[in-house]
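Just so you know, the protein sequences line up as chains G and A, in that order. Start counting the first sequence at 15; every next residue gets the next number (the numbering used here). Start counting the second sequence at 54; every next residue gets the next number (the numbering used here). Idealized CB from N, CA, C, for every residue including glycine. I have placed the structure first, in the form of C-alpha cells, so that the comments after it can refer back to it.
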Amino acid sequence: MALILTDEEQALADSVRKFVADRSPLTSLRHLISSGEPYDADVWKQMTAQLGLAGLTIPEEYGGVGAGVSALSVALTELGAGLVASPLLASLLAAEVLLRLDDAAAKTELLPRIAGGEVIATVAVASSAGGHVTATGGNGGDVATLSGTISPVLNGAEASVLLVPADSDKGTVIYLVDGAADGLTRTRLTSVDHSRSLARVQLSGTPARALAGDAAAALAAASDLANLALASESAGAMKACLDMTSAYARIRVAFGQPIGAFQAVKHRLADMEKSWELGHAALRDAARAGDAEPGRFSVAASVARVLLASAYADAAVDTVQLHGGIGFTWEHDAHLYYKNGLSNKVLLGGPGDQLDRLADSLGI
Amino acid sequence: MNDDFRARARAWLAANAPRRGSGEDDGESGQTTIADQKAFQAKLYDAGFAGITWPKAYGGQGLTGAEQIIWSQESRDYDLPSGAFFIGISMPGNTLVELGTEEQKKRYLPPMLRGEEIWCQLFSEPGAGSDVASLQTSAIRDGDEWVLNGQKVWTSGAQFSDYGAILARTDVSKPKHNGISMFVVDMHAPGVTVRPLKVATGHSPFNEVFFDNVRVPANALIGEENKGWDAAVVMLRHERIAIGTMGSSRTSPLAFDSLRDLAAGLGRTSDQGVRRDLAELYARSKAVQLFALLLREESQAGRLPGARGSVAKLAGSELGRFAGDVAADVLGDQLAAFDEDAMAAVTISIIAAPGSAIAGGTSEIQRNIIGERVLGLAKDPGVDRATPFNQLRVGTQRQS
Chain G
15 MALILTDEEQ ALADSVRKFV ADRSPLTSLR HLISSGEPYD ADVWKQMTAQ
65 LGLAGLTIPE EYGGVGAGVS ALSVALTELG AGLVASPLLA SLLAAEVLLR
115 LDDAAAKTEL LPRIAGGEVI ATVAVASSAG GHVTATGGNG GDVATLSGTI
165 SPVLNGAEAS VLLVPADSDK GTVIYLVDGA ADGLTRTRLT SVDHSRSLAR
215 VQLSGTPARA LAGDAAAALA AASDLANLAL ASESAGAMKA CLDMTSAYAR
265 IRVAFGQPIG AFQAVKHRLA DMEKSWELGH AALRDAARAG DAEPGRFSVA
315 ASVARVLLAS AYADAAVDTV QLHGGIGFTW EHDAHLYYKN GLSNKVLLGG
365 PGDQLDRLAD SLGI
Chain A
54 MNDDFRARAR AWLAANAPRR GSGEDDGESG QTTIADQKAF QAKLYDAGFA
104 GITWPKAYGG QGLTGAEQII WSQESRDYDL PSGAFFIGIS MPGNTLVELG
154 TEEQKKRYLP PMLRGEEIWC QLFSEPGAGS DVASLQTSAI RDGDEWVLNG
204 QKVWTSGAQF SDYGAILART DVSKPKHNGI SMFVVDMHAP GVTVRPLKVA
254 TGHSPFNEVF FDNVRVPANA LIGEENKGWD AAVVMLRHER IAIGTMGSSR
304 TSPLAFDSLR DLAAGLGRTS DQGVRRDLAE LYARSKAVQL FALLLREESQ
354 AGRLPGARGS VAKLAGSELG RFAGDVAADV LGDQLAAFDE DAMAAVTISI
404 IAAPGSAIAG GTSEIQRNII GERVLGLAKD PGVDRATPFN QLRVGTQRQS
C-alpha cells in the first residue's frame, strides 16, 4: 500500500485540476458572491454528470462509480485548491449515511439520483451548540413528526432531501425529510466561507420517515468521511496558499531585495511547507486506509483532519500577513482562503472535538 | 522477490535482533559495547542486510530502494545493536559511494559494512556551527602529505572511531566556500586527541577532537582539492535524510506509547488538556513517520528527496520539542525533582529535547534550505561569500 499516487489517481487529479481552471476559477466564486447563488448549477452538473464526482464513493449497484476513498480525496484536494462552491460535501455525507443504514428502499430510490447530481441531499448535523431535533410518534417505517432546530447545515437551504438524526423513544434514529415537507423552514445563513452554503433548518411537526439501521454507526462513518473530505479540501487549499505566497515572496521587492530573502518571511514559508508536507503524508495514509484498511480509517482520518485543519487555517492567516496590505483587500484572493480555512477548521467538529474523539479511539 | 526479501528479513530479525523495549542495549551507549556492536554488524553483513543499496563491488547488496524500505519497515520494532555504525555508513559511507576514488571505495567501504571499522564526521568547530564554511582547521600540503591543525566539536562517536571524514581549509586566500577540502583521517594517528564533551543533560554524548600536526597522505583527499564544500553538501544531504527518516523508537521515553502509559500511571488521563496533548502527539508522530515513508517511496520511484530531507529533519526536531512539552504537561510538578530511574529517563529526555533542533544542522538553517531550495526564495544576502577567507571575521573573533 503505497502513499504516492497511482497513475490513475494522478490522471484524476490532473483532469479535476484542469476542470477547475477552465470551469470554476476563483473569478467564478466572486460572481457567486455578487449574485448570491450558493453554487453554479452548470458547474455542478458537469462535476456530477461528466466527472462522476458525487458517485465516487457510491457503489456501481447504486449508480455510482465505486472508485473509493483515495480517488475521492484526490478529487477533493483539487476542488479545495480552487475553492469550488458546490453541494458535493453535503451529498457525499448523505450518501455515506444511506449506505451505512439498512434501508433498502431509501438506498435504491436516492443513491442513484445523488450520484447523478439530480438530488441534493444533506445530513442535518451540527455540534451540540447547534441545537437538536426530537421525534414523536412513528415506529419502523411509519411516519413520525420532527421538531427542533439544527444549524449550520451544509446546503440545508438547497437540499431536496434531508437526513435528520433525532431523539426518539428508541434513541437516536435518522429520519428522511422531504425538502417540500410541511413545517420545514430553511434559512440560508451568511456563511463566513464564501464557497460554502449553510442554513438553519427548523422543523415544527414536520412529517418524516424513520430509516432502518444503526444510526450511531452511520453518523460515525459520516464523521470519518467528513474528516477525510475536509482534510483533503484543506490540503489542496493550503497548497494553493503556499504556492501563491511563495510566488509573491519571489517577486515582491522591499529594502532592495525580494522579500523571500528575509528570514522573517522565508522561515514562515518554510514552516508552512513543513506543515503541508506532514499533513499531506497523513492525508495520503488516511485515503489509503479508507480503501484498504477500514479498521484503521477512523483514526487515520482524524489524524489528517487534526493536522490539516489547523495547519491550513494558520497558513491562510500567514498568506494574508506575508502579502501585507494587499493581502487584506477584498480584491485579493487571500481572504477567500482565510475564511475557508476558518470555516473548514470548525465545521462538523473543531480541533478540540477531534482531539477528544481521537483520544477516545486511542484508549487514552 | 520483494516478498522473498521481506520474509528473509523478518525471519532473520526475529532470530537475531533484540526487540525494542526488551531492556537490552540500545546500541548507542558507547565504548563498553563496541565489541558487541562490531560483532552484530558483522552478522548483519554476513546475512546480507548491510549496505542494501550499495554496489556489490564495495561489499553492498546491490539491491534497490524497495528492499531498503522493506528493511526499514521490518526492523522498526528492533533495537539493532549496531548504532556505532549508523553515522559512518549513512554519512561518510554514502558520500564515498558518490564521490570516492575507486581505491577509496575498495579500501574503506567493505570494512565499514563488515563491522570492522567505525567512522565519524568532523565538520563543526567552536567558531563554525551553522556557518560551517567558516571553519578554521587548516590542512597544509607538505610533499606527499597534508598536515592538519585545529579543533573540531560535537563529534559523535569520535572516542571509538577508526576513521573520520574531516573538512579543513586548504586555501585561506579564497572566499570561504572555495578554499575547503575533505579528507579521510586516521583517528589513531599521532596528534589526534579526543575529549568527551559534557552537555546540558550532564551526559557526554559528543566529543571535542584536537588535531596537532596530524599527517594524512595525499590520496586521503575526498573529491577535489578546494572542492570540499561540494563534498560537504553531499554529506549534509545524506545526514539530513538519515536523521529525518531514521524513525523513532516506540519505547523512547518521549514516544506516544510511553507518555500515554506514564499519564495513566500518574492518573493524569482524566485531564482534558493532557488527553488532547497526547492525541495531538500521536497525530504529529504519525505524520513525521508517514512523511519519512513518503520520501522513501518517492526516491524509489525516481524522485529524489533533495532539500526536502530538511523538511524531515525540521519536522523531527519540532516533534521532539513538542513531545518534551507534552511530557512536561503530563508530569506537572513531578518534573521538578525525581528519585526513580523511570522518572530520570523521561526527565532527562525533556531536558535533552531542545538539542535535536541544533544537532545535525539547526532548525533555522533547515528553514533557510527549505525556503531557498524547495520554495525557490532568494538566498540570504551572504555578505561574506566573495571575500577572501583571510579577510573575514569568524566565530566570536573581535574586529582588530
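**Item:** Residues of the stretch 271 to 282 of chain G with Cβ closer than 8 Å to any Cβ of chain A, in chain order
**Value:** Gln271, Pro272, Gly274, Ala275, Gln277, Val279, Lys280 and His281
**Message:** Which residues does DSSP list as the beta-bridge partners of Pro441/A?
**Reply:** Pro228/A
**Chain-ordered neighbours of Glu287/G on chain A, where CB pairs are closer than 7 Å** = Val364, Ile423, Val427 and Leu428
**Message:** For the structure I just gave you, are there three or more beta carbon pairs, one from the stretch 240 to 252 of chain G and one from the stretch 315 to 324 of chain G, closer than 8 Å?
**Reply:** yes
**Message:** Quick check: what's the CA-CA separation for Gln353/A versus Ile171/A?
**Reply:** 28 Å
**Prompt:** If you pair each beta-carbon of the stretch 268 to 288 of chain G with each one of the stretch 100 to 114 of chain G, do three or more pairs fall below 8 Å?
**Reply:** no
**Request:** With a 10 Å radius around its C-beta and 16 neighbouring C-beta atoms as the bar for buried, classify His291/A as buried or exposed.
**Result:** buried
**Prompt:** Residues of chain A with a CB under 7 Å from the CB of Leu376/G: which are they?
**Reply:** Ala332 and Tyr335
**Message:** Give me the subset of the stretch 310 to 333 of chain A whose CB atoms are less than 9 Å from a CB atom of chain G, sorted by chain position.
**Reply:** Arg313, Ala316, Ala317, Thr322, Gln325, Val327, Arg328, Arg329, Asp330, Leu331, Ala332 and Glu333
**Message:** Under 9 Å, Cβ to Cβ, is there at least one residue of chain A near Glu92/G?
**Reply:** no
**Request:** Determine the burial state of Gly80/A: buried for a count of at least 16 other Cβ atoms within 10 Å of its Cβ, exposed for fewer.
**Result:** With a pLDDT of 40 at Gly80/A, under the threshold of 50, the predicted position of this residue should be treated as unreliable, and no value is reported.
**Item:** Rounded separation between Leu289/A and Gly362/A - CA only
**Value:** 10 Å
**Asked** Whose Cβ in chain A lies nearer than 8 Å to the Cβ of Ser312/G?
**Response** Residues of chain A passing the Cβ test: none, with the nearest at roughly 13 Å.
**Message:** Report the CB separation of Gly217/A from Thr223/A in whole angstroms; it is logged as a contact under 8 Å.
**Reply:** Between Thr223/A and Gly217/A the Cβ distance is about 17 Å, and since that is not below 8 Å, they are no contact.
**Item:** Nonlocal neighbours in the same chain, by C-beta distance under 7 Å from Thr415/A, ignoring five residues either side
**Value:** So the list reads Ser183, once near-sequence residues are dropped.
**Prompt:** At what residues does the beta strand (DSSP E) containing Ile188/G begin and finish?
**Reply:** Gly185 to Asp192
**Message:** Does Ser305/A come out as helix, strand or coil in the three-state DSSP assignment?
**Reply:** coil
**Prompt:** CB-CB under 7 Å to Arg59/A, same chain, minus the five flanking residues each way: which ones, in chain order?
**Reply:** Ile123 and Glu127
**Prompt:** Taking Cβ-Cβ distances shorter than 9 Å, what residues in chain G pair up with Glu350/A?
**Reply:** Ala16, Leu17 and Ile18
**Asked** So, are the CB atoms of Pro164/A and Gln204/A less than 9 Å apart?
**Response** In this structure, Gln204/A does not lie closer than 9 Å to Pro164/A by Cβ.
**Asked** What separation, rounded to the nearest whole angstrom, lies between the Cα atoms of Leu343/A and Ile403/A?
**Response** Between the C-alpha atoms of Leu343/A and Ile403/A there is a straight-line separation of about 24 Å.
**Prompt:** What residues of chain G sit near Pro434/A, judged by a beta carbon separation below 8 Å?
**Reply:** Gln271 and Ala275
**Request:** Determine the extent of the beta strand (DSSP E) in which Thr220/G is found, giving its start and end residues.
**Result:** Note, Thr220/G: beta strand (DSSP E), Leu212 to Ala224.
**Asked** Does the separation of the CB atoms of Ile134/G and Ser165/G fall below 9 Å?
**Response** no
**Asked** Are the beta-carbon atoms belonging to Val139/G and Val167/G less than 9 Å from one another?
**Response** Remark: C-beta atoms of Val139/G and Val167/G approach each other more closely than 9 Å.
**Request:** Tell me, to the nearest whole angstrom, how far the beta carbon of Arg200/G is from that of Ala232/G; I am working on the premise that it is less than 8 Å.
**Result:** So it is not a contact: roughly 22 Å between Cβ atoms.
**Request:** Find the residues of chain B that neighbour Ser260/G, judging by a C-beta separation of less than 8 Å, and give them in chain order.
**Result:** The chain labelled as chain B is not found among the protein chains of the depicted structure, namely G and A.
**Prompt:** Does the count of Cβ pairs from the stretch 28 to 47 of chain G and the stretch 184 to 204 of chain G closer than 8 Å reach three?
**Reply:** no
**Prompt:** Is the beta carbon of Gln121/A sitting closer than 9 Å to the one on Arg337/A?
**Reply:** no
**Prompt:** Thinking C-alpha only, which one of Asn55/A, Leu315/A, Lys96/A and Gln90/A is nearest Ala68/A?
**Reply:** Lys96/A
**Message:** Rounded to the nearest angstrom, what separates Ala118/G and Thr62/G at their Cα positions?
**Reply:** 23 Å
**Prompt:** Thinking C-beta only, is Ile105/A closer than 9 Å to Gln114/A?
**Reply:** yes
**Message:** With a threshold of 8 Å, are at least 3 pairs of Cβ atoms found where one atom belongs to the stretch 366 to 376 of chain A and the other to the stretch 405 to 424 of chain A?
**Reply:** Yes, since at least three Cβ pairs between the stretch 366 to 376 of chain A and the stretch 405 to 424 of chain A fall closer than 8 Å, the two stretches touch.
**Prompt:** Would His256/A be called buried (16 or more neighbouring beta carbons within 10 Å of its own) or exposed?
**Reply:** exposed
**Request:** For the alpha helix (DSSP H) containing Met396/A, list its first residue and its last residue.
**Result:** Asp394 to Ala405
**Interface residues of the stretch 362 to 394 of chain A facing chain G [CB-CB below 7 Å]** = Per Cβ criterion, the list reads Val364, Leu367 and Ala368.
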